[in-house]
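Colleague: Let me give you the structure first, and then I'll get to my questions.
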Amino acid sequence: MSDTSTTTSGDYESQLGDYFALLKPRVMQLVVFTALVGMLAAPVSVHPVIGFASILFVAIGAGASGALNMWWDADIDAIMRRTAGRPIPSGRVQPGEALAIGVALSGLSVMMLGLAANLLAAGMLLFTILFYAVFYSMWLKRATPQNIVIGGAAGAFPPVIGWIIATGSFSVEAWLMFALIFMWTPPHFWALALFMRNDYDDAKVPMLTVTHGRTSTRRHILAYTVLLVILAIGTGFTSIGGPIYLATAVVLNVLFLIGAVKIWNRNEDDSEADNFLVERKFFRLSLWYLFLHFGAILAEATLRPYGLGGWS
């Protein structure tokens, strides 16, 4: 009896884990963090209970987007090595279940955010879910090599939503945080595509590496990185910046630019192993890049009431 009970419990826990994996928890972490920074960096304070509930509903909305994306992309996920182990292509979750979960969580998150915060924040969350699940996943991703450039907006909206939760309105500062994520997304994903190129070839996803080749992709990474460096350092002189942010941005962007130049200098005559190491190192740095920039914005916002953050 105990053996049967243990097996049943283990299967149940495994199934819950599969459903949770549908929500793309790693992506959700970034969404939650940037939305939280957007809310706390705003000049209007939010009651802790309202703030916690609002960020929770933003997280649920992000998870809903992930479930809808996995439902739609199950066919190509099964082809690519990086995604073949996801719940749907591996057979652990049925496509219909993923669709139902995504739709239900979308409705729940938008409705509850409207009640907890304001209708504008709820409207932006709904727009973000639709942008990612429909505009990006169902159309852009398989239609154009600019999929990541345009589709990157979906991941850039959370700090705007966070700002709106606090203020009920848009602002230049919110869009600066949006722009930081938006400009970071292409070099981040193109670096991934460089060392995972065969996946996109096999799945016939028109990533830039597939349609224009590796050399063109390297040039694009450098061009976007230069624009990102200007934007990121320039943000340090705005109302959400300050000495802490500026110091962090200068160090990170010098390293990021050096990495982009190294990728740009590679060519197809170099050994595949050398190219892989350079591209992967840049990709790993890009993972820290965004977290540390938003961490610095959060530090400025936290210290500002005590006269220690910002330029005042």
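In terms of the working numbering, the sequence shown is residues 1075 to 1386.
Glycine residues also receive a C-beta, built at the ideal position from the N, C-alpha and C atoms.
Predicted, not measured: the structure shown is a model, and the values here were computed from it.
1) Below 8 Å, can you find three or more Cβ-Cβ pairs linking the region 1187-1196 to the region 1160-1168?
2) For residue 1364, collect the residues of the same chain with a Cβ closer than 6 Å to its Cβ; drop the 5 residues on either side in sequence, then sort them by chain order.
3) Quick check on residue 1367: does DSSP put it in helix, strand or coil?
4) Since residue 1255 and residue 1295 are thought to touch, with beta carbons under 8 Å apart, how far apart are those beta carbons, to the nearest angstrom?
5) List the endpoints of the continuous alpha helix (DSSP H) containing residue 1099.
6) Excluding five sequence neighbours on each side, which residues of the same chain lie with their C-beta closer than 8 Å to the C-beta of residue 1320?
7) Just to confirm my understanding: we take residue 1081, look at its own chain, exclude 5 residues before and 5 after, and list those with CB closer than 8 Å. What are they?
8) Do you know offhand how far residue 1374's Cα is from residue 1382's?
9) Take residue 1333 as the anchor and find which of 1262, 1304, 1367, 1285 has the nearest alpha-carbon.
10) Alpha carbon to alpha carbon, how far is residue 1225 from residue 1340? Give it in angstroms, no decimals.
11) Taking the straight line between their C-alpha atoms, what separation do you get for residue 1123 and residue 1135?
12) Express the C-alpha separation of residue 1106 and residue 1117 in angstroms, rounding to a whole number.
13) Applying the 10 Å Cβ sphere with the 16-neighbour rule, what's the burial state of residue 1078?
14) Would you identify the three-state DSSP class for residue 1381, choosing helix, strand or coil?
15) Measuring only between beta-carbons, confirm whether residue 1222 sits less than 7 Å from chain D.
16) Tell me whether the beta-carbon of residue 1102 lies closer than 7 Å to the beta-carbon of residue 1137.
17) Excluding five sequence neighbours on each side, which residues of the same chain lie with their C-beta closer than 8 Å to the C-beta of residue 1301?
18) What is the DSSP secondary structure of residue 1374, reduced to helix, strand or coil?
19) Distance, Cα to Cα, residue 1388 vs residue 1228?
20) So, do the region 1194-1208 and the region 1165-1175 have three or more beta carbon pairs nearer to each other than 8 Å?
21) Figure out for me which residue from 1351, 1099, 1299, 1352 has the closest Cα to the Cα of residue 1326.
22) Is residue 1240 near residue 1113, with beta carbons less than 7 Å apart?
23) Residue 1075: buried (16+ other C-beta within 10 angstroms of its C-beta) or exposed?
24) Are residue 1235 and residue 1200 touching if we call contact CB-CB under 7 Å?
25) Under three-state DSSP, which class holds residue 1311?
26) Under 7 Å between the Cβ atoms of residue 1284 and residue 1275?
27) Could you check the C-alpha separation between residue 1303 and residue 1192 for me, to the nearest Å?
28) Taking C-alpha atoms, which residue in 1331, 1314, 1350 lies nearest to residue 1388?
Modeller: Based on what the coordinates show:
1) no
2) 1258
3) DSSP places residue 1367 in helix when its eight states are reduced to three.
4) No, residue 1255 and residue 1295 are not in contact; Cβ-Cβ is about 16 Å, not under 8 Å.
5) 1099-1115
6) 1307, 1310, 1311
7) Residue placement at residue 1081 cannot be trusted, given a pLDDT of 44 that sits under 50; what the coordinates show is reported in the next sentence. Correct list: empty, nothing qualifies.
8) 8 Å
9) 1262
10) 27 Å
11) 18 Å
12) 19 Å
13) Bear in mind that the predicted position of residue 1078 carries a pLDDT of just 45, short of 50, making it unreliable; the figure below should be weighed with that in mind. Burial call: exposed.
14) coil
15) The displayed structure is made up of one protein chain only, and chain D is not part of it.
16) Cβ distance < 7 Å, so residue 1102 and residue 1137 count as in contact.
17) 1257
18) When DSSP states are grouped into helix, strand and coil, residue 1374 belongs to the helix group.
19) As displayed, the chain neither begins before 1075 nor continues past 1386, which places residue 1388 out of reach and without an answer.
20) no
21) 1299
22) yes
23) The pLDDT assigned to residue 1075 is 40, lower than 50, so where the model puts this residue is not dependable, and the model offers no usable value.
24) no
25) coil
26) Judged by their CB atoms, residue 1284 and residue 1275 are nearer to each other than the 7 Å cut-off.
27) 34 Å
28) Examination of residue 1388 is not possible in this model, given that the chain is present from 1075 through 1386 alone.
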